[in-house]
Each structure stands twice: as C-alpha cells, then as structure tokens.
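**Student:** Below you'll find the structure I mean.
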Amino acid sequence: VMGRSRESGWVENEIY
Amino acid sequence: RTYGVSFFLVKEKMKGKNKLVPRLLGVTKDSVMRVDEKTKEVLQEWPLTTVKRWAASPKSFTLDFGEYQESYYSVQTTEGEQISQLIAGYIDIILKKK
Numbered sequence: 018v019m020g021r022s023r024e025s026g027w028v029e030n031e032i033y
Numbered sequence: 093r094t095y096g097v098s099f100f101l102v103k104e105k106m107k108g109k110n111k112l113v114p115r116l117l118g119v120t121k122d123s124v125m126r127v128d129e130k131t132k133e134v135l136q137e138w139p140l141t142t143v144k145r146w147a148a149s150p151k152s153f154t155l156d157f158g159e160y161q162e163s164y165y166s167v168q169t170t171e172g173e174q175i176s177q178l179i180a181g182y183i184d185i186i187l188k189k190k
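Listed below in structure tokens is the structure:
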C-alpha cells in the first residue's frame with residue numbers, strides 16, 4: 018500500500 | 093445515515109463474557125461505524141481521522157484509536173484484509189485531495 022508502513026501487521030493511518 | 097456504507101458482518105466479544113455477538117461493521121469514505129445487525133441502528137461512529145492504526149489477520153480485524161479511546165476495538169472476521177484495504181483506499185483518496 019502506497020506510503021504506508023506495515024510493521025507487525027499494523028497499518029499506520031497517515032491522517033490520524 | 094447508512095447511505096454509501098460498506099457493511100461487513102463480524103463478531104464482537106462481549107466485555108467480560110465469552111460470548112460473541114453478531115455485529116455489522118460499516119466503512120464509509122470518512123468513518124468506521126458499529127451498526128446493530130437487526131435494527132441497523134448506528135451504535136457508534138469513528139471518523140477515520142481518529143483511527144491511529146489498524147491490523148488485519150486471517151481471523152480478526154482490530155482498530156487502535158490512540159488518544160481518542162483507551163481500548164482497541166477488535167472483532168472476529170475472515171474479511172479483515174478486505175476491511176483493511178477499503179479503509180486504506182478511502183484514506184488514500186483523502187490524502188490525494190490535500
């Protein structure tokens with residue numbers, strides 16, 4: 018997925 | 093209020109109990125909502141801007157609200173990856189509009 022880091026299954030939300 | 097909402101039938105674990113309750117998890121272009129499976133009443137709605145991160149596994153889907161809510165919201169579902177991709181897609185749209 019573009020511009021998003023996947024670490025241990027979690028996807029961080031860039032608009033949070 | 094449910095126009096334009098994608099629904100997923102999931103199971104919620106009742107707090108302190110070992111019972112699973114059917115629930116509809118709704119995803120819109122700017123929010124995620126808990127909806128009563130039978131009455132379709134919106135029980136809770138979280139704007140996507142209040143979701144810190146989320147995780148999908150083959151059997152579950154979890155939302156972390158960071159500062160907005162103390163506990164995670166986790167449900168049992170085999171559609172976690174689809175929910176995850178739908179949310180990611182809507183967030184991409186919001187980001188591209190900026």
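If you're matching them up, the sequences are chains W and P in order. Note that this note's numbering has the first sequence beginning at 18, numbered continuously upward. Note that this note's numbering has the second sequence beginning at 93, numbered continuously upward. Positions of the beta carbon are idealized from the N, C-alpha and C atoms, including for glycine.
1) Tell me which residues share the same chain as Ile183 of chain P and place their Cβ nearer than 7 Å to its Cβ, disregarding the 5 neighbours each side in the sequence.
2) Throw me the rounded Cβ distance for the Lys103 of chain P and Val167 of chain P pair, which I believe falls under 8 Å.
3) Whose C-beta lies closer than 6 Å to the C-beta of Tyr160 of chain P among residues of the same chain, with five residues either side of it excluded?
4) Can you find a heavy atom of the ligand ADP that lies under 7 Å from the Cβ of Val28 of chain W?
5) With a floor of 3 residues, list each beta strand (DSSP E) that falls wholly inside the stretch 105 to 164 of chain P, ordered by position along the chain.
6) Using a Cβ cut-off of 7 Å, pull out every chain W residue sitting near Ile183 of chain P, in sequence order please.
7) Put Glu171 of chain P into one of helix, strand or coil per three-state DSSP.
8) Please go through the same chain and pick out, in chain order, the residues whose beta-carbon is closer than 7 Å to the beta-carbon of Pro114 of chain P, but skip the five residues on each side of it.
9) Taking the alpha-carbon positions, what's the Leu116 of chain P to Lys190 of chain P distance?
10) Cβ atoms of Val134 of chain P and Thr120 of chain P: under 8 Å apart, would you say?
11) Could you tell me whether any Cβ in chain W is nearer than 8 Å to the Cβ of Gly118 of chain P?
**Tutor:** This is what the structure gives:
1) Leu140
2) 6 Å
3) Thr142
4) The model depicted lacks the ligand ADP and carries no ligand whatsoever.
5) 112 to 119, 123 to 127, 134 to 139, 145 to 148, 152 to 156
6) Asn30, Glu31, Ile32
7) coil
8) Leu101, Lys103, Glu129
9) 31 Å
10) no
11) no
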